[in-house]
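Structure first, commentary second.
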Amino acid sequence: MGSCVTSWNLTFLNGAYTPAGISYEMTPIRCDNATAGTTSTGCVVPWYAAAATYTRSSYPSLASHVERAQASGLPGATFAAPLTRTTNQAVQDTNRNLACGDAPSISGLSCDEYPPAVSYQGLSAGGTRRTFTGCNFGLPSGTGPTGVSVCMITATENNAQGGIHTQFFRSWRVLDGDPFRVLIG
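Residue numbers (the working numbering): 220 to 404.
Printed below as a string of structure tokens:
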């Protein structure tokens, strides 16, 4: 893994005037071959929070849950409050277990947690669970930037979410500690 910063130093000359100059440092970039599942090398602007998008037409119950969770104040929808990726399996497992460990068993449904377990903003970071009407959890609703929202959504959509994240993280070279967003389209 390496990084690069490009700088421009410009000097303006006009015979009758004192020379004027300006220096400009471009945004740093990171180049790596550390993205899991690919052997290719690529470069990114590491502070840019790229967005994984869940479409309402393909993932209606997932999109509805995430949209309501973000509207309740949980992070991940904006550049000002992005999520941060974790590749630490122990953190991911803790996030999932604390959020969905006591999920009800309902045929065809699966427990979804937001922020997702692949973020450092899950319950391993603290906070409490919240939910919404129709989510099949006996928990209160809540607001604010900490904690997680849980909701029983269709199992096929919840399973697809993992693939969406995997493809997104590969395509955008999102590594451990990098910011990312989740949008509804």
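Every residue, glycine too, gets a C-beta built ideally from N, C-alpha and C.
Query                                                                                                                                              : Result
Taking the CB atoms as reference points, tell me whether S326 and T303 lie closer together than 8 Å.                                               : no
What residues match up with G346 in a beta bridge as DSSP calls it?                                                                                : Looking at the DSSP assignment, G346 forms no beta bridge with any residue, so it has no partner.
Between the C-alpha atoms of A290 and A296, what's the straight-line distance to the nearest angstrom?                                             : 9 Å
Determine the extent of the beta strand (DSSP E) in which D331 is found, giving its start and end residues.                                        : L328 to Y333
If you count every other CB in all the chains shown that lies within 10 Å of the CB of S410, and 16 or more means buried, which is it?             : The requested residue 410 is not part of the displayed model; the chain covers only 220 to 404.
Between the beta-carbon of C223 and the beta-carbon of I248, is there less than 8 Å?                                                               : yes
Below 8 Å between beta carbons: does that hold for A239 and I403?                                                                                  : no
Can you list, in chain order, the residues of its chain whose CB lies under 6 Å from that of M245, leaving out five sequence neighbours each side? : T225
Taking the continuous beta strand (DSSP E) assigned at L229, which residues delimit it?                                                            : S226 to F231
I believe P160 touches P364 by the beta-carbon criterion, under 8 Å. Please report the beta-carbon distance rounded to the nearest angstrom.       : Nothing in the structure corresponds to residue 160, since the chain is present only between 220 and 404.
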